[in-house]
Amino acid sequence: MRILSCHIDNFGKLQNKTYDFEKECTIICEENGWGKSTLAAFLRVMLYGFMNEGKRDTYENERKRYKPWQKGVYGGSLCFEYCGTMYLLRRVFGDKSAEDEFHLICQDTNLESKDFTKNIGEEMFGINAEAFVRTVFITQNDCETKTTDGINAKIGNLAQNTDDINNYESAMKHLTDELNAMTPNRKTGSIARKKARLAQLAATLRTGEASIEQTIQETTARRDKTIGEREKLIERQRLLLEKQNEISAYKDLEAKQSKYRDLLEEYQRREEEVKWYRERFPGMVPKESEIIAKQLLCQENETAEREMEIYKLLPEEEQELEALCERFLEPLPERTEIEQLLELAQQYDRIVVRQMQTQLTPDESGLLKRLLEKYGGSFPLETEIAQMSARFRTYTQIFNLQGAKQLSMQTIEAVAAEKSKNSMRKWYIVGMICGVVGIAFGGMAFATLETKIGVPIVLMSMVLGLVSGGLFLAGGRKKVQPPNPALDRIRMEIASDKEQMNQILADVEDFCQQYNLVYDENSFLDDLRQLQSDISRYQQLVDRQSEANRIGEDNRSDEIRRRLEQFLLRNKETIDTQNGFYPLLLRCKEKLKRFCQLRDKKEAYKLAYNRSCDNTRKVESFLNQYQIPRENDLREQLSVMLKEVREYEILANERNRAKSLLEQFSENEKIESLSAIQKPEQEISLEELADDLKVIAVRLEELYVIGKNYEERLEQLEDAMEEMKETRLEHDALQEEIQQDNLRYGLLVHTRDLLETAKSSFTNRYTEPLMKGFHKYYDLIGGTDSEFQMDANTNLQILEGSLPRDPMFFSTGKRDLIGICMRMALVEAMYGEEKPFLIMDDPFVNLDEERTRGGLALLEEIAKRYQVIYFTCHNSRC
Numbered sequence: 004m005r006i007l008s009c010h011i012d013n014f015g016k017l018q019n020k021t022y023d024f025e026k027e028c029t030i031i032c033e034e035n036g037w038g039k040s041t042l043a044a045f046l047r048v049m050l051y052g053f054m055n056e057g058k059r060d061t062y063e064n065e066r067k068r069y070k071p072w073q074k075g076v077y078g079g080s081l082c083f084e085y086c087g088t089m090y091l092l093r094r095v096f097g098d099k100s101a102e103d104e105f106h107l108i109c110q111d112t113n114l115e116s117k118d119f120t121k122n123i124g125e126e127m128f129g130i131n132a133e134a135f136v137r138t139v140f141i142t143q144n145d146c147e148t149k150t151t152d153g154i155n156a157k158i159g160n161l162a163q164n165t166d167d168i169n170n171y172e173s174a175m176k177h178l179t180d181e182l183n184a185m186t187p188n189r190k191t192g193s194i195a196r197k198k199a200r201l202a203q204l205a206a207t208l209r210t211g212e213a214s215i216e217q218t219i220q221e222t223t224a225r226r227d228k229t230i231g232e233r234e235k236l237i238e239r240q241r242l243l244l245e246k247q248n249e250i251s252a253y254k255d256l257e258a259k260q261s262k263y264r265d266l267l268e269e270y271q272r273r274e275e276e277v278k279w280y281r282e283r284f285p286g287m288v289p290k291e292s293e294i295i296a297k298q299l300l301c302q303e304n305e306t307a308e309r310e311m312e313i314y315k316l317l318p319e320e321e322q323e324l325e326a327l328c329e330r331f332l333e334p335l336p337e338r339t340e341i342e343q344l345l346e347l348a349q350q351y352d353r354i355v356v357r358q359m360q361t362q363l364t365p366d367e368s369g370l371l372k373r374l375l376e377k378y379g380g381s382f383p384l385e386t387e388i389a390q391m392s393a394r395f396r397t398y399t400q401i402f403n404l405q406g407a408k409q410l411s412m413q414t415i416e417a418v419a420a421e422k423s424k425n426s427m428r429k430w431y432i433v434g435m436i437c438g439v440v441g442i443a444f445g446g447m448a449f450a451t452l453e454t455k456i457g458v459p460i461v462l463m464s465m466v467l468g469l470v471s472g473g474l475f476l477a478g479g480r481k482k483v484q485p486p487n488p489a490l491d492r493i494r495m496e497i498a499s500d501k502e503q504m505n506q507i508l509a510d511v512e513d514f515c516q517q518y519n520l521v522y523d524e525n526s527f528l529d530d531l532r533q534l535q536s537d538i539s540r541y542q543q544l545v546d547r548q549s550e551a552n553r554i555g556e557d558n559r560s561d562e563i564r565r566r567l568e569q570f571l572l573r574n575k576e577t578i579d580t581q582n583g584f585y586p587l588l589l590r591c592k593e594k595l596k597r598f599c600q601l602r603d604k605k606e607a608y609k610l611a612y613n614r615s616c617d618n619t620r621k622v623e624s625f626l627n628q629y630q631i632p633r634e635n636d637l638r639e640q641l642s643v644m645l646k647e648v649r650e651y652e653i654l655a656n657e658r659n660r661a662k663s664l665l666e667q668f669s670e671n672e673k674i675e676s677l678s679a680i681q682k683p684e685q686e687i688s689l690e691e692l693a694d695d696l697k698v699i700a701v702r703l704e705e706l707y708v709i710g711k712n713y714e715e716r717l718e719q720l721e722d723a724m725e726e727m728k729e730t731r732l733e734h735d736a737l738q739e740e741i742q743q744d745n746l747r748y749g750l751l752v753h754t755r756d757l758l759e760t761a762k763s764s765f766t767n768r769y770t771e772p773l774m775k776g777f778h779k780y781y782d783l784i785g786g787t788d789s790e791f792q793m794d795a796n797t798n799l800q801i802l803e804g805s806l807p808r809d810p811m812f813f814s815t816g817k818r819d820l821i822g823i824c825m826r827m828a829l830v831e832a833m834y835g836e837e838k839p840f841l842i843m844d845d846p847f848v849n850l851d852e853e854r855t856r857g858g859l860a861l862l863e864e865i866a867k868r869y870q871v872i873y874f875t876c877h878n879s880r881c
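Numbering follows our numbering, with no gaps: position 77 of the sequence shown is 80.
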């Protein structure tokens, strides 16, 4: 079996990572913090799931520990080969195992495979997660290993095809726990506790039964004595209660006689008081509500008198009211009418003011006439003026650019002429050089004419002479200037600008001629602005003149004036329109308001006077009705009457109540029978009887409590006797249990010894192959400095000083070295043809330099038979 690749969606700090693994050895060398241990943990979790999920600590609980730092899908996929078949394993992890998703795809068919379940690690490797991390999964600082049930079972299954060893440790643990729980040698053992309980029960039975029987007899005698004494006291109490009832009955009758006399005296006294108050009224007694109603009339009289003082007119106010009555005749103008007239007056004043404001002055009329004459009676639109201003500015810009473009054209022409001149100079220089060389070759020709090279030199001299003459002719001929696009473009722009400027000047002259303007290039823009100002001023004057004509033609002002004058004349108001109609109407309104105030004040005085007289007549009529003479102060007289009526009613009610009580008492108690009461023969007070009964009651309560305590004690003793019987039964049963437990304890001890012997016999069969494998890998890594031995429980020990030593007494590096070799020996013994892959999370980190080289040699040898995935952070271990 081997891993081909894996993809991590999100796991710890790793996100969206894909890794491919070699067939033999894949070394992942990255710096600290890269996530190597996280990747190794991901491979293990994909096969076996999370460990320590029940832990609360976030670090120990792997599901919480590797939860994605950046959120997202928690999980990934693993592609592996097993027995020649390619599988794709995908897991998605939730917050708990019930939310996990597991998918296994057979890559030959791309269908879900049922070959393995979510326990795929145990099903593939044949070992549980604990055995996996003790063999195949090797991490740094955790290289040591010990055989577990799973490891022993895997080795045993390969050797003998039996599963008996699987349950050895659990069986031994169960036996040990059972023996520890039952042991008779410790106080905590169940047999020891039962023996102690048996001794306690025996002691209780020896001393308890006789003592309880004697106590029951004594308690029963005391209880009977208490019951006899209590019965005597109850009889004495009954006799005293009968005497108390007889005396109480006599006292009650005596009290009723006294109460009758009191009720009779109360009734007679109330009757006298009522008779005295009734004589205060000659006729009938008035009702309280009638007197209160007349008191309210008196209070209203006081209010009316105060109103009369307030509303009474002064002499000057009387004179003012008479004058206003002559002015304002009925019907009086309404308030709404005056308000409407005031609004009309304001409207009329606004029309007059607006007409004065819109009327043109003589200067403004002259200005309007001059503007019409200046521009011939027609004005351009604002858009025309703006357009003409923009075109003239365009003309100015083009004119300013003409000079720059002319200068550019002259510069380009000068540069072209200079280039032509330089070209002619070059032709002259080259021709001269050719001439000089030709003359030199000519001299040589005469010197070597008779030799073999003489003819070629003569020919060369002639050629150079012809070339020199041709170059002089070419340099002296006038060159045709090549075309210059930049110069042509500038010339075309200058011509186009001149044409545009002429067109703009023609339009400007036409505009000036149309509107009587004199064209001046320096002041044309100012003339346009002045034209705009004149047009705006002309339009304002024309609008004002039109508004004045419209106001003058409006007839509403005359109609309003006539209506206002009619109102003022009807109300005898002097008409003076110098300040407008509004002040006149406002003054008329104020006089009318004053007239209404004085008239209303006089009416209020009359109403208050009439109300006062009417109330006085009603009170006098009330007094005459009940034959009561009137006094000067009516209010005080009514107050006294009300007080006497209330006293009379209260006393009458009290008399009626006393009479009712007397009649009711006489009827209920039968007064005739009260006179026949007789005094008891033996005189004794109720207080003495009460004291005797109290003493008896206290003693009865004490005897009741004492008797109850004796009853409770007897019940407790009976319960104790029943407990003794149960204790006897428990004692006998416990003796039988101890015998059975002793027998069971002996059987368990014998079973444990037989099981240890069988296990030692079983594991001893593969101890030698394990030691052979260990020595092979230990020698390969270079460890020849120690001797080892292995016991029947596969515990490895080091022989030092002729004594076996546990590896824990040695250095960390040596323990790691021993652990790695032991793990490889276990893997070799556990697996046959289908070899597992090995995951090593830098197990050589604690080895020295020489051991590290040996470890790398071991890694190279292992990779020949196993797929190895090795994680490290240092190049020395690559």
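Where a beta carbon is used, it is the ideal one built from N, C-alpha and C, also for glycine.
Leaving out the 5 sequence neighbours to the left and right, which residues in its chain are closer than 6 Å to N878 when beta-carbon positions are compared? none
Within this structure, are the beta carbons of M4 and A132 separated by less than 8 Å? 8 Å or more divides the Cβ of M4 from the Cβ of A132.
Identify whether Q18 lies in helix, strand or coil by the three-state DSSP scheme. strand
According to DSSP, is S8 part of a helix, a strand, or is it coil? strand
Under 8 Å between C-beta atoms of K197 and D735: no
So L841 and I865 are in contact, right, with Cβ under 8 Å, and what is the actual spacing, rounded? Indeed they touch by this definition, with Cβ atoms about 7 Å apart.
Which one of I741, K377, G710 and R564 has the shortest CA to CA distance from N519? Scanning I741, K377, G710 and R564 for the CA closest to the CA of N519 turns up K377.
From T364 to L375, what does the alpha carbon distance come to, in whole angstroms? C-alpha separation (whole angstroms): 17 Å.
Under a three-way DSSP split, which group does R658 fall into? helix
M127 beta carbon less than 8 Å from that of Y85: yes
Given this structure, state the Cα-to-Cα distance separating L50 from N122, to the nearest angstrom. 7 Å
Can you give me the Cβ contacts of N13 inside the same chain, cut-off strictly under 7 Å, excluding the 5 residues immediately before and after it? Beyond the five residues adjoining it in sequence on each side, N13 comes within less than 7 Å, by CB distance, of P71, Q73, G75, V76 and Y77 in the same chain, given in chain order.
Terminal residues of the alpha helix (DSSP H) in which L81 lies: Note, L81: premise wrong, no alpha helix (DSSP H); beta strand (DSSP E) at G78 to Y85.
Three or more C-beta pairs under 8 Å: does that hold for the stretch 663-672 against the stretch 224-243? no
Per DSSP, which one or two residues make a beta bridge with A305? Note on identity: in this sequence residue 305 is Glu, with Ala being the wrong assignment. None, per the DSSP bridge assignment.
For the stretch 54-78, which segments carrying the alpha helix (DSSP H) assignment without a break, of at least 4 residues, lie completely within its bounds, in sequence order? Taking only runs of at least 4 residues, the alpha helix (DSSP H) segments lying wholly in the stretch 54-78 are 65-68.
Whole-angstrom distance between M833 and A162, CA atom to CA atom: No answer about A162 holds up, because its pLDDT of 38 lies below 50 and its placement is not dependable.
For the stretch 708-715 and the stretch 226-240, state whether three or more C-beta atom pairs, one from each stretch, are separated by less than 8 Å. yes
Would you check if there are 3 or more beta carbon pairs closer than 8 Å linking the stretch 636-653 to the stretch 280-298? yes
Evaluate T855 with the Cβ neighbour count: other Cβ atoms within 10 Å of its Cβ, from every protein chain shown; 16 or more gives buried, anything less gives exposed. buried
Based on the DSSP secondary-structure assignment, which residues constitute the bridge partners of P839? Partner(s): none; P839 has no beta bridge.
Per DSSP, what kind of secondary structure is L520 in: helix, strand or coil? coil
Under 8 Å, with one C-beta from each stretch per pair, do the stretch 584-604 and the stretch 286-305 reach the 3-pair mark? no
In terms of residues, what are the limits of the beta strand (DSSP E) holding E133? That residue, E133, is in no beta strand (DSSP E); its alpha helix (DSSP H) goes A132 to R137.
Just curious, the beta strand (DSSP E) that L850 is in, first and last residue? Segment: none, L850 is in no beta strand (DSSP E) and carries neither H nor E.
Start and end of the alpha helix (DSSP H) containing V871? That residue, V871, is in no alpha helix (DSSP H); its beta strand (DSSP E) goes V871 to T875.
Alpha carbon to alpha carbon, what distance is there between E690 and A700? Computed Cα separation, rounded: 15 Å.
Comparing C-alpha positions only, which one of R565, R808, D851 and T754 sits nearest to I784? D851
Between the CA atoms of I493 and L410 - distance to the nearest angstrom: 10 Å
Going by alpha carbons, who is nearest to Q322 out of F140, K117, R602 and M825? R602
Cutting at 7 Å between CB atoms, please list the residues of its own chain near C109, excluding the five before and the five after it. Around C109: T88, Y90 and S116.
Grouping DSSP H, G and I as helix and E and B as strand, with all else coil, what is P846? coil
Check D782 in the structure and name its three-state DSSP category. helix
Determine the DSSP secondary structure at D265, reduced to helix, strand or coil. If DSSP states are grouped into helix, strand and coil, D265 belongs with the helices.
Determine the DSSP secondary structure at Q163, reduced to helix, strand or coil. With a pLDDT of 42 at Q163, under the threshold of 50, the modelled position of that residue is not reliable, and the figure given next carries that caveat. Q163 sits in a helix when the DSSP states are folded into three classes.
Exposure of V622, with buried meaning 16 or more beta-carbon neighbours within 10 Å: buried
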